[in-house]
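For what it's worth, our numbering labels the leading residue of the sequence shown as 622, then goes sequentially.
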Amino acid sequence: MDIDGHEFIKHRSIHFVEFHPDPNQAQTAALLLADVEGIMRVDPIDAHHLQVTYHIMDITLEQIEVGLTSMGLHIDNRLLYRLIRALHYYTEENQRAVRGCTKGNPNCTRNIFAKRYQSIDHHCRDHRPEHWRKYL
């Protein structure tokens, strides 16, 4: 499996509530997310609907939505949207876990490559005994 494969690039919709002091929450969210690492594309569809494309090994939908709500934006919490979000959260965390990326670890891609590097036998090129290596 290629780590840059299409199964790790997600296209999601984020819906905002209609009654909010900011009448154009989608545009505000697009401006906030424009420079975030892992987010490839942000398109405001209308004033309350945002389309986001991102790589789940860098960022998840849950992290995006937590960031938006912490900035004062209000995500629509109707039952249908909550169910869809819960399904996305679950599938994304499972995909990340399969690749060795645990929840709450923002830099899991680097850890995956580090584990791979450590598992390869590099054949020690230093022919001195182990106890002599500490002296130099």
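Positions of the beta carbon are idealized from the N, C-alpha and C atoms, including for glycine.
These numbers were taken from a predicted model, which means no experiment stands behind them.
Quiz item: Which of helix, strand or coil does DSSP assign to R706?
Solution: helix
Quiz item: How many angstroms separate the CA atom of I680 from the CA atom of P750?
Solution: 45 Å
Self-check item: Three-way DSSP call (helix, strand, coil) for R754 in this model
Solution: helix
Quiz item: How about L682 and E713: do their beta carbons lie closer than 9 Å?
Solution: yes
Quiz item: Hey, quick one: how far does the beta strand (DSSP E) through V673 stretch, first residue to last?
Solution: Unbroken beta strand (DSSP E) run through V673: 670 to 676.
Practice problem: Taking the CB atoms as reference points, tell me whether R633 and Y675 lie closer together than 9 Å. | Solution: yes
Quiz prompt | Expected contact under 8 Å - CB spacing of A668 and Q646 to nearest Å | solution = Going by Cβ atoms, the distance from A668 to Q646 rounds to 7 Å, so yes, they are a contact pair.
Quiz prompt | Alpha carbon of D656 to alpha carbon of F640, nearest angstrom | solution = 27 Å
Practice problem: May I ask which residues mark the beginning and end of the alpha helix (DSSP H) holding V687? | Solution: 682 to 691
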